[in-house]
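Since the structure comes first, as structure tokens, the remarks are kept for the end.
There are 2 protein chains.
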Amino acid sequence: MLKKTVLIIAVLFCFVSVSIAADLTPVKLPAPVTKGGRPLMQCLNDRKTDRSFSTKKLSAQILSNLLWAACGINRPHSGKRTAPSALNWQEIDVYASMEEGLYLYNPKTHTLDPVVQSDLRKHTARLPQPSRSSIIGAPLQLIYVADYAKMRTGISDEDGKFYSATDTAFIGQNVYLYCASEGLSSIIRSFFDGNSLAKEMKLRNTQKIILVQAIGYPQ
Amino acid sequence: MLKKTVLIIAVLFCFVSVSIAADLTPVKLPAPVTKGGRPLMQCLNDRKTDRSFSTKKLSAQILSNLLWAACGINRPHSGKRTAPSALNWQEIDVYASMEEGLYLYNPKTHTLDPVVQSDLRKHTARLPQPSRSSIIGAPLQLIYVADYAKMRTGISDEDGKFYSATDTAFIGQNVYLYCASEGLSSIIRSFFDGNSLAKEMKLRNTQKIILVQAIGYPQ
Chain A
25 MLKKTVLIIA
35 VLFCFVSVSI
45 AADLTPVKLP
55 APVTKGGRPL
65 MQCLNDRKTD
75 RSFSTKKLSA
85 QILSNLLWAA
95 CGINRPHSGK
105 RTAPSALNWQ
115 EIDVYASMEE
125 GLYLYNPKTH
135 TLDPVVQSDL
145 RKHTARLPQP
155 SRSSIIGAPL
165 QLIYVADYAK
175 MRTGISDEDG
185 KFYSATDTAF
195 IGQNVYLYCA
205 SEGLSSIIRS
215 FFDGNSLAKE
225 MKLRNTQKII
235 LVQAIGYPQ
Chain B
25 MLKKTVLIIA
35 VLFCFVSVSI
45 AADLTPVKLP
55 APVTKGGRPL
65 MQCLNDRKTD
75 RSFSTKKLSA
85 QILSNLLWAA
95 CGINRPHSGK
105 RTAPSALNWQ
115 EIDVYASMEE
125 GLYLYNPKTH
135 TLDPVVQSDL
145 RKHTARLPQP
155 SRSSIIGAPL
165 QLIYVADYAK
175 MRTGISDEDG
185 KFYSATDTAF
195 IGQNVYLYCA
205 SEGLSSIIRS
215 FFDGNSLAKE
225 MKLRNTQKII
235 LVQAIGYPQ
């Protein structure tokens, strides 16, 4: 009888563990605080690129504010955003890679939608680079991905590349300034293995990774 | 005697007038105010693209703050700036086109160096576009120009185009946020005749216009 009870408990325990592990659930972010922050000129004065990060995690509120600052909706009636995009295509998707997994930021619902339950941060640096270990240890890597299917049909390859680059950088600069406002560290970079990372992220063939930006507390 | 005096005065007057008209002199901008401005989140909340501009000119102080916000030096010991650039190439030059002429912003001296004494604002829109008349009537057009000579030797054409696009947009977003802070209107755009404008600007063959951004008061 005792053996049977232990077995049932063990089975239940395993089931619960596996169940939690298998489900990366959607994250409903708290409402972003769209007022406040440090004065703009001081944020510009402190804007810089950092290469040293603590592994301390970001709170849900910081994550919420940061993602809204990046490319959140600032005009709900039109769905327009904090960052411009060519012809308002809004073709740049922001993925958030954290220890628990990869999420896609949805500005409409202000949620993080689960994509892959795996820590992909190590794939955001090309090859093993000891100098990059602090960067990929940052709690958050934002991965900016262009979806060419959202651009005008018939756009030239050159124009597509151009606009996906500008529209990513508008977002990235918002993130840099948010980090300056909150005393967070950040570095945006283009040196990663795009094919390998795209495969890990299970991207569609109309999608292309443009830049990656690490965010965390200073070490 | 009287006739001679009048003649001398007239000649002197003409000389002075011609001299002023012929010389577009360097503009030493007032020191930028690198503190203050509205809180960052409110700037992000008000960030938008505008198409309607008053012809009212910007003051020297606003021009100074705006250019510093765009890509001014925020770390004097290293010369690093408010906007990042790939490998710190600082390959994007910011030209200011105003009624009196075209200037090049020099972040090191915080001056506007004269380039062409001609109002080139009308050349920043492709063809006569009535819908653009308000935009090209804005008192200031910032023209972002990449200088490929400042990039690493041997960089591929594709990489050069990519970084010149991202590095321009980092600057452009700073300008958008400064405008949101100061209640100014702004629109960044890629639709212009690059060859014709480059000729008017007397650009070198290593230079390429990336984007143009209008700034002014709302109409």
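Same order as they appear, the protein sequences are chains A and B.
Residue numbers for the first sequence follow the numbering used here, so the first one is 25 and each next one is one higher.
Residue numbers for the second sequence follow the numbering used here, so the first one is 25 and each next one is one higher.
Glycine residues also receive a C-beta, built at the ideal position from the N, C-alpha and C atoms.
Look at Y129 of chain B: its C-beta is not under 8 Å from any C-beta on chain A.
Between T79 of chain B and G207 of chain B, the C-beta gap is not smaller than 8 Å, which leaves the two residues out of contact.
One finds nothing in chain B with a Cβ atom closer than 7 Å to the Cβ of M175 of chain A; even the nearest lies about 13 Å away. In the three-state DSSP reduction, M122 of chain B falls in the strand class (E or B). C203 of chain A and W92 of chain A have their C-alpha atoms some 13 Å from each other.
Taking the CA atoms as reference points, K72 of chain B sits about 11 Å from I97 of chain A.
In the structure shown, T79 of chain B adopts coil according to DSSP, grouped into three states.
Ranking B:K59, B:P131, B:S102, B:T230 by CA distance to the CA of V118 of chain B puts B:P131 first. Inside the region 78-119 of chain B, DSSP marks whole alpha helix (DSSP H) runs of 4 or more residues at positions 84-95, from first to last along the chain. Residue pairing for Q66 of chain B: DSSP places it in no beta bridge. In chain order, P163 place their CB closer than 7 Å to the CB of K81 of chain A, counting only its own chain and leaving out the 5 sequence neighbours on each side. Within the model, the alpha-carbon separation for T230 of chain B versus K223 of chain B is close to 13 Å. Proximity of chain B to Y202 of chain A at the Cβ level (cut-off 9 Å) is accounted for by L64, M65, L68, in chain order. Secondary structure note for Y168 of chain A: its beta strand (DSSP E) is the uninterrupted segment 164-171.
If you draw a straight line from the Cα of S142 of chain B to the Cα of K59 of chain B, it comes to about 34 Å.
In the three-state DSSP reduction, K132 of chain B falls in the coil class, being neither helix nor strand. With a threshold of 16 other beta carbon atoms within 10 Å, N112 of chain A falls short and is exposed.
Taken through DSSP and simplified to helix, strand or coil, L235 of chain A comes out as strand.
In the three-state reduction of the DSSP assignment, G207 of chain B falls in the coil class.
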